[in-house]
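Colleague: The numbering of the sequence shown is the working numbering, which starts it at 1 and goes up by one.
One structure follows; several queries about it will come next.
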Amino acid sequence: MKVILIDVLPKLGKIGDVVVVKNGYAKNFLIPNKKAICYTNDNYKTFEAKKNHFEQESAKKLDVANKVKSALEGKNIIIIENASDDGRLYGSVNSAVICSKINEVVGEKLVEKSSIFLSKPIKEVGIYDLKLALHSESVFVTKLVVSRSDSEAHALLNPSKKSKSKDKLDNGETASDIANSSAESEKPIKKNRKKKEISGE
């Protein structure tokens, strides 16, 4: 399909370029996300009349993208969800949930869910790389932490502070598993102390 770019796309071209792309890419991404419009003689004339508008809109998006990037620098996006003991979420974390949380962290409603890209569906507790593409010239990755509590999120982000946290990363053991394991290991110690006290009498 032949389209007219109305936003800057590094791998395709600049605003006003006429390019040929696959139909699915145009219909499912470029056009619905206002990156391009179908090429026709009438559409091109319309584009020429609005070219300055498209360039200004692109510049605004870049400013917003840089603002969000600056606001998230050095921060982690933490989302608290209900999950089973083995860390599997009862539901899933989607783009809308992530979008809402990012805007909360940034302090303004600047991010749309169409700007969020995940490497895989989020269905369990863990740390994920979250790709944000608010503008084609400002794409960056931040950390997304999905956990059952703030303390578990802290344990996931700071594994060196837990003696068993490396095992969690290697074999999927959750923070609660570590806590339960520690509790179990204390039980025989208490029994041994009781036996010693009895024998001492």
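Quick reminder that beta carbons are idealized off the backbone N, C-alpha and C, glycines included.
In whole angstroms, what is the alpha-carbon distance linking E104 and N41?
Modeller: 44 Å
Colleague: Does the distance from the C-beta atom of G87 to that of V145 stay below 9 Å?
Modeller: no
Colleague: Start and end of the beta strand (DSSP E) containing E124?
Modeller: 122-124
Colleague: Taking the C-alpha atoms as reference points, what is the distance between M1 and V19?
Modeller: Going from the Cα of M1 to the Cα of V19 covers about 8 Å.
Colleague: Using CA coordinates, which residue listed in R148, F47, K50 is at the minimum distance from S127?
Modeller: The sequence shown places Ile at residue 127, not Ser. Closest by alpha carbon: R148.
Colleague: Is any beta-carbon of chain B found at less than 9 Å from that of K123?
Modeller: Absent from the structure is chain B; it holds one protein chain and no more.
Colleague: Indicate the three-state DSSP secondary structure (helix, strand or coil) for D129 in the structure shown.
Modeller: Per DSSP, reduced to three states, the secondary structure at D129 is strand.
Colleague: Should A83 go down as buried or exposed, given a rule of 16 or more other Cβ atoms within 10 Å for buried?
Modeller: buried
Colleague: Give me, in chain order, the residues of the same chain whose beta-carbon lies closer than 7 Å to that of V64; leave out the 5 immediate sequence neighbours on both sides.
Modeller: So the list reads L110, L134, once near-sequence residues are dropped.
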